[in-house]
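If you count the sequence shown from 1, position 316 lands on 318 in this note's numbering, and the numbers rise without skipping.
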Amino acid sequence: MDRALARGETARRRTAPNPWVGAVVVRDGEIVGQGATHPPGGAHAEIEALREAGDRARGATVYTTLEPCAHQGRTGPCAVALAEAGVTRVVVALEDPDPQVAGRGIAHLRELGVTVDVGIGADTAARSLAPYLVHRRLGRAFTIVKTAMSLDGRIAARDGSSQWITGAASRADAHRLRAESQAIVIGAGTALADRPRLTVRDADGPVHTQPLRVLLDATGRVPAEGPLFDPELAPTLVVTTDAVADDAQRAWLAAGAKVLTVPPAEPAPAAGTGAGVDLTATLEVLAGLGVLQALVEGGAALSGSLVEGGLADRLVTYVAPTVLGRDGRPALDLAGPARIADAARWRLVDVARVGTDVRLDYEPPPRDGAPPWPNGEGV
Numbered sequence: 003m004d005r006a007l008a009r010g011e012t013a014r015r016r017t018a019p020n021p022w023v024g025a026v027v028v029r030d031g032e033i034v035g036q037g038a039t040h041p042p043g044g045a046h047a048e049i050e051a052l053r054e055a056g057d058r059a060r061g062a063t064v065y066t067t068l069e070p071c072a073h074q075g076r077t078g079p080c081a082v083a084l085a086e087a088g089v090t091r092v093v094v095a096l097e098d099p100d101p102q103v104a105g106r107g108i109a110h111l112r113e114l115g116v117t118v119d120v121g122i123g124a125d126t127a128a129r130s131l132a133p134y135l136v137h138r139r140l141g142r143a144f145t146i147v148k149t150a151m152s153l154d155g156r157i158a159a160r161d162g163s164s165q166w167i168t169g170a171a172s173r174a175d176a177h178r179l180r181a182e183s184q185a186i187v188i189g190a191g192t193a194l195a196d197r198p199r200l201t202v203r204d205a206d207g208p209v210h211t212q213p214l215r216v217l218l219d220a221t222g223r224v225p226a227e228g229p230l231f232d233p234e235l236a237p238t239l240v241v242t243t244d245a246v247a248d249d250a251q252r253a254w255l256a257a258g259a260k261v262l263t264v265p266p267a268e269p270a271p272a273a274g275t276g277a278g279v280d281l282t283a284t285l286e287v288l289a290g291l292g293v294l295q296a297l298v299e300g301g302a303a304l305s306g307s308l309v310e311g312g313l314a315d316r317l318v319t320y321v322a323p324t325v326l327g328r329d330g331r332p333a334l335d336l337a338g339p340a341r342i343a344d345a346a347r348w349r350l351v352d353v354a355r356v357g358t359d360v361r362l363d364y365e366p367p368p369r370d371g372a373p374p375w376p377n378g379e380g381v
């Protein structure tokens with residue numbers, strides 16, 4: 003299963019909105035076939051692994067990181083293909099929450115006489131496939147809030163300057179995060195202050211498609227100019243509200259951007275924060291566009307709103323060896339608890355030294371209701 007998980011990770015950048023699944027065929031203790039999901043419309047991981055195994059799949063065990071499908075889509079049902087290949091046992095890490103699958107693949111395999119075991123490597127698979135699981139279970143994009151801060155938790159100096167807090171290695175690592183995401187999200191304030199390109203430039207490995215650049219601008223503050231509106235660099239989506247003037251919308255559209263309207267944020271954010279859109283509705287819109295993972299690179303207000311609203315699925319923080327002082331701008335702008343006992347406790351899931359900086363990955367505490375993770379604690 004570890005081999006299958008590693009194989010699935012090799013396809014992470016190319017499969018959305020489908021999951022990056024890995025599969026391994028084992029016969030008599032020997033790996034005879036391996037596969038990973040192809041881009042949409044191509045072979046699923048199990049089919050690729052069966053092709054590599056050929057006749058050696060008969061009597062074999064297949065390890066797969068996600069439940070094989072049992073329905074006819076752009077490709078045939080994997081459950082049927084496994085049975086027809088003579089596989090006698092299938093080991094599945096996770097049941098697929100997609101309504102078209104949702105246990106049907108496992109049930110169909112058993113109906114066809116194949117032994118199925120479920121749950122081996124479930125926690126690791128859930129961490130790997132977290133964006134897909136959130137997309138299918140909650141109907142919104144999995145959201146990573148990325149910040150780069152000083153040792154004293156500041157993301158910009160007093161004058162607003164923030165390039166570059168972290169070193170070159172951290173910036174390259176952040177571009178790998180971009181390459182693994184289908185959308186990069188900023189607010190109007192960041193767009194005006196930084197005039198960013200929001201493209202993948204320094205990631206290792208192939209970049210099959212530039213992520214969708216998403217600007218949240220409720221009132222039309224950002225003019226349709228600069229690299230963010232250069233369609234030759236990457237596509238741009240502006241998420242706005244009915245409060246925006248018609249001429250702003252026309253300018254965005256004329257520049258080649260797509261424009262979608264969502265309800266305004268409730269309650270309305272403080273003046274000048276630059277978001278002002280309903281963030282839940284925005285993430286649902288992105289999910290509908292096939293975005294599994296959205297990387298948020300906005301300022302303190304947008305990042306704080308996502309954390310406060312329970313919409314941040316992961317915090318990725320790069321901490322630089324510098325101090326900006328009390329007048330620097332904080333990383334998150336949100337209402338804090340009255341007592342330390344009421345503070346939310348995020349879970350540290352990864353620590354890495356990146357050049358002269360440190361990368362810290364956190365996941366939120368369990369949310370109300372049934373958690374979407376198999377261990378009940380998070381991914």
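We put the beta carbon where it would ideally sit given N, CA and C, even for glycine. Here the structure is a predicted model, which is why all the values come from computation and not from measurement.
Quick one: Cα of residue i to Cα of residue j, how far?
| i | j | result |
| --- | --- | --- |
| Q184 | G330 | 31 Å |
| L153 | D206 | 28 Å |
| G274 | R16 | With a pLDDT of 46 at G274, under the threshold of 50, the modelled position of that residue is not reliable, and no figure is offered here. |
| M3 | T263 | 43 Å |
| V120 | V93 | 6 Å |
| A193 | R178 | 21 Å |
| A322 | G338 | 24 Å |
| G35 | R129 | 24 Å |
| D100 | R138 | 6 Å |
| D98 | G327 | 48 Å |
| G306 | V209 | 30 Å |
| A226 | A250 | 8 Å |
| L308 | V28 | 44 Å |
| R349 | I122 | 23 Å |
| G115 | P79 | 16 Å |
| A18 | P41 | 8 Å |
| Q295 | L217 | 16 Å |
| D204 | G31 | 40 Å |
Can residue i and residue j be called in contact, C-beta distance under 8 Å?
| i | j | result |
| --- | --- | --- |
| F231 | A267 | no |
| P237 | L255 | no |
| L336 | E299 | no |
| G88 | R112 | no |
| D352 | A171 | no |
| A83 | H110 | no |
| P265 | A283 | yes |
| I146 | V318 | yes |
| A91 | T63 | In the sequence on display, residue 91 carries Arg and not Ala. Cβ atoms of R91 and T63: closer than 8 Å. |
| A143 | V293 | yes |
| G56 | E48 | no |
| T168 | A190 | no |
For a test of the three-state rule: what should DSSP assign to residue i, helix, strand or coil?
| i | result |
| --- | --- |
| Q102 | coil |
| L1 | Past the boundaries of the shown model lies residue 1; the chain is included only from 3 to 381, so the question cannot be answered. |
| L291 | coil |
| R139 | helix |
| P229 | helix |
| P133 | helix |
| I33 | strand |
| I122 | coil |
| G107 | helix |
| L304 | helix |
| P374 | Summary for P374: the model assigns pLDDT 46, below 50, so the residue's position carries little reliability, and this model does not support an answer. |
| V325 | coil |
| G10 | helix |
| I167 | coil |
| D315 | coil |
| R16 | coil |
| L179 | helix |
| T383 | The shown model of the chain, from 3 to 381, leaves out residue 383, and the question about it has no answer. |
| G24 | strand |
| T242 | strand |
| T284 | helix |
| L217 | strand |
| D206 | coil |
| G44 | coil |
| R91 | strand |
| P366 | coil |
Mark residue i as exposed unless 16 or more other C-beta atoms lie within 10 angstroms of its C-beta, in which case mark it buried.
| i | result |
| --- | --- |
| Q102 | exposed |
| G10 | buried |
| W166 | exposed |
| P342 | A small fix is needed here, since residue 342 is Ile in this sequence, not Pro. Classification for I342: exposed. |
| G43 | exposed |
| E86 | exposed |
| E50 | buried |
| E69 | buried |
| R156 | buried |
| A372 | Reliability fails at A372, whose pLDDT of 37 lies under 50, so the model's placement of it is uncertain and the value that follows must be treated cautiously. Under this definition A372 is an exposed residue. |
| G107 | buried |
| E234 | exposed |
| V325 | exposed |
| G276 | Caution is warranted here: a pLDDT of 46 is assigned to G276, below 50, making its placement in the model unreliable, and no coordinate value can be reported. |
| P367 | exposed |
Counting only C-beta atoms, is residue i closer than 8 Å to chain B at any point?
| i | result |
| --- | --- |
| L131 | Among the chains in the structure shown there is no chain B, since it carries only a single protein chain. |
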